[in-house]
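Q: This structure is in structure tokens; I'll ask about it shortly.
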Amino acid sequence: MLEVNKVDMFFGGLVALKSVNMTVPKGEIHGLIGPNGSGKTTLINVITGFYAPTAGEVIFNGKKISGLAPNVISLSGLGRTFQNVNLFPEMTALENVMTGYCVRTGYNLASAIFETRRFKREEQEAYEEAEKQLEFVGLIGERDTLAKNLPYGKRRLLEIARLLATDPQLVLLDEPVAGMNEQESEEVAQLVHKMRQEDNRTILLIEHHMKFVMSLCDQLTVLSSGSVIAEGRPESIQNNEEVIACYLGK
Ligand code: ADP
1 MLEVNKVDMF
11 FGGLVALKSV
21 NMTVPKGEIH
31 GLIGPNGSGK
41 TTLINVITGF
51 YAPTAGEVIF
61 NGKKISGLAP
71 NVISLSGLGR
81 TFQNVNLFPE
91 MTALENVMTG
101 YCVRTGYNLA
111 SAIFETRRFK
121 REEQEAYEEA
131 EKQLEFVGLI
141 GERDTLAKNL
151 PYGKRRLLEI
161 ARLLATDPQL
171 VLLDEPVAGM
181 NEQESEEVAQ
191 LVHKMRQEDN
201 RTILLIEHHM
211 KFVMSLCDQL
221 TVLSSGSVIA
231 EGRPESIQNN
241 EEVIACYLGK
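Have a look at this one:
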């Protein structure tokens, strides 16, 4: 589903990514790990179109997407969450998720003004989809709560619900359990499994929480200083000497 081919990303003289290859087949839960500053966020930014790579290409569902604008890539079925919570604080949980549906359908103010009947129908669809996704992430009871009044863990779940309302085939999660306790992390792990099982989604995630990554992911790619130093199943990565050395700073 996703192929990263020989991607370089330079910021002036700084080499953030050097000849990076990564493959994520459909249906996989794939983890991208590495120490701070190893290039994980840069790679996600290249995949989602926030940066055009200095060299190399990104292929999604057989089509080259590197060089396309982030909104075009997002509409092609590749959606992401961000490291920092990025919601509309003064809107309710339901309204926040409705915005995700509107991104998908292109439902907008113009149709609200000029096409009242279509507007009503689309508003109803957005409402139903938002309820479905709130139910999916376990937040239906918070439907009418303003996003700013939700505790941190629930705000992160709300971001996931909004992303799911855009109906992505490939879901990119940037540190989904950062700042969460063990129980909340376990709930997110179950949610990720459910995304794959019930909705056939493919998942690529960056995460520092090793227990979470090792128990959840099918395959891992390990970055260090902008290069891939290992890839494979969690069991083999855990015992890889180069990986252990890079995490211990040797
Ligand atoms: P990680 O997500 O693994 O912590 P990053 O991708 O954020 O790593 O950073 C990789 C390297 O690229 C770091 O040296 C960082 O300082 C540098 N970098 C990231 N973004 C930029 C940018 N916009 N301009 C200049 N340097 C950047």
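Just so we're aligned: 14 in the UniProt record's numbering is position 14 of the sequence shown, and the numbers increase by one with no gaps anywhere. Using N, Cα and C, we set each Cβ at its ideal position, and we do this for glycine too.
What separation, rounded to the nearest whole angstrom, lies between the Cα atoms of residue 170 and residue 28?
A: 10 angstroms
Q: Is the segment 44-62 in contact with the segment 5-22, if contact means three or more CB pairs nearer than 8 angstroms?
A: yes
Q: What residue range is occupied by the uninterrupted beta strand (DSSP E) comprising residue 60?
A: Per DSSP, residue 60 belongs to the beta strand (DSSP E) from 55-60.
Q: To the nearest angstrom, how far is the alpha carbon of residue 192 from that of residue 203?
A: Approximately 8 angstroms, taken between the alpha carbons.
Q: Could you tell me which uninterrupted beta strand (DSSP E) segments, each at least 3 residues in length, are contained entirely in the segment 17-82, listed from first to last along the chain?
A: Complete beta strand (DSSP E) runs here, min 3: 29-33, 55-60 and 78-80.
Q: If residue 79 and residue 205 are in contact, beta carbons under 8 angstroms, what's the gap, nearest whole angstrom?
A: In fact, because the Cβ distance is near 13 angstroms, the residues do not count as touching under 8 angstroms.
Q: Taking only the alpha-carbon atoms, compute the straight-line gap between residue 20 and residue 120 and give it to the nearest angstrom.
A: Going by C-alpha positions, residue 20 is about 47 angstroms away from residue 120.
Q: Per DSSP, what kind of secondary structure is residue 254 in: helix, strand or coil?
A: No statement about residue 254 is possible, as the shown extent of the chain runs from 1 to 250 and does not include it.
Q: For the beta strand (DSSP E) containing residue 11, list its first residue and its last residue.
A: Per DSSP, the continuous beta strand (DSSP E) segment holding residue 11 begins and ends at 2-11.
Q: Verify the contact flag: residue 11, CB atom, against every heavy atom of ligand 1, threshold strictly below 7 angstroms.
A: yes
Q: Can you tell me which of 94, 45, 126 and 1 puts its alpha carbon nearest to the alpha carbon of residue 102?
A: 126
Q: Do the segment 170-186 and the segment 131-149 touch if we need at least three Cβ pairs shorter than 8 angstroms?
A: no
Q: Which residues bound the beta strand (DSSP E) around residue 172?
A: 170-174
Q: My guess is that residue 31 and residue 207 are in contact by the Cβ rule of under 8 angstroms, so how many angstroms apart are they, rounded?
A: 6 angstroms
Q: Following a CB-centred definition, is residue 204 positioned closer than 7 angstroms to any heavy atom of ligand 1?
A: no
Q: What are the start and end residues of the alpha helix (DSSP H) that includes residue 202?
A: Counting along the chain, residue 202 falls outside any alpha helix (DSSP H), though it belongs to the beta strand (DSSP E) covering 202-206.
Q: Can you grab the Cα-Cα spacing for the pair residue 104 / residue 158, in whole Å?
A: 17 angstroms
Q: Taking all protein chains shown into account, decide if residue 133 is buried (16 or more other Cβ within 10 angstroms of its Cβ) or exposed.
A: buried
Q: Just to check, is the beta-carbon of residue 220 closer than 7 angstroms to a non-hydrogen atom of ligand 2?
A: This structure lacks ligand 2; the ligands present are ligand 1.
Q: I'd like to confirm the pairing. Which residues does DSSP put opposite residue 230 in its beta bridges?
A: 222
Q: Check the DSSP bridge columns for residue 92 and list the partner residues they point to.
A: 146
Q: Any idea which residues DSSP pairs residue 188 with across the strands?
A: BP columns for residue 188 are empty, so no partner.
Q: Report the CB separation of residue 140 from residue 131 in whole angstroms; it is logged as a contact under 8 angstroms.
A: 7 angstroms
Q: Less than 8 angstroms between the CB atoms is what I'm expecting for residue 144 and residue 220, so what's the real figure, rounded?
A: About 40 angstroms separates the two Cβ atoms, so there is no contact after all.
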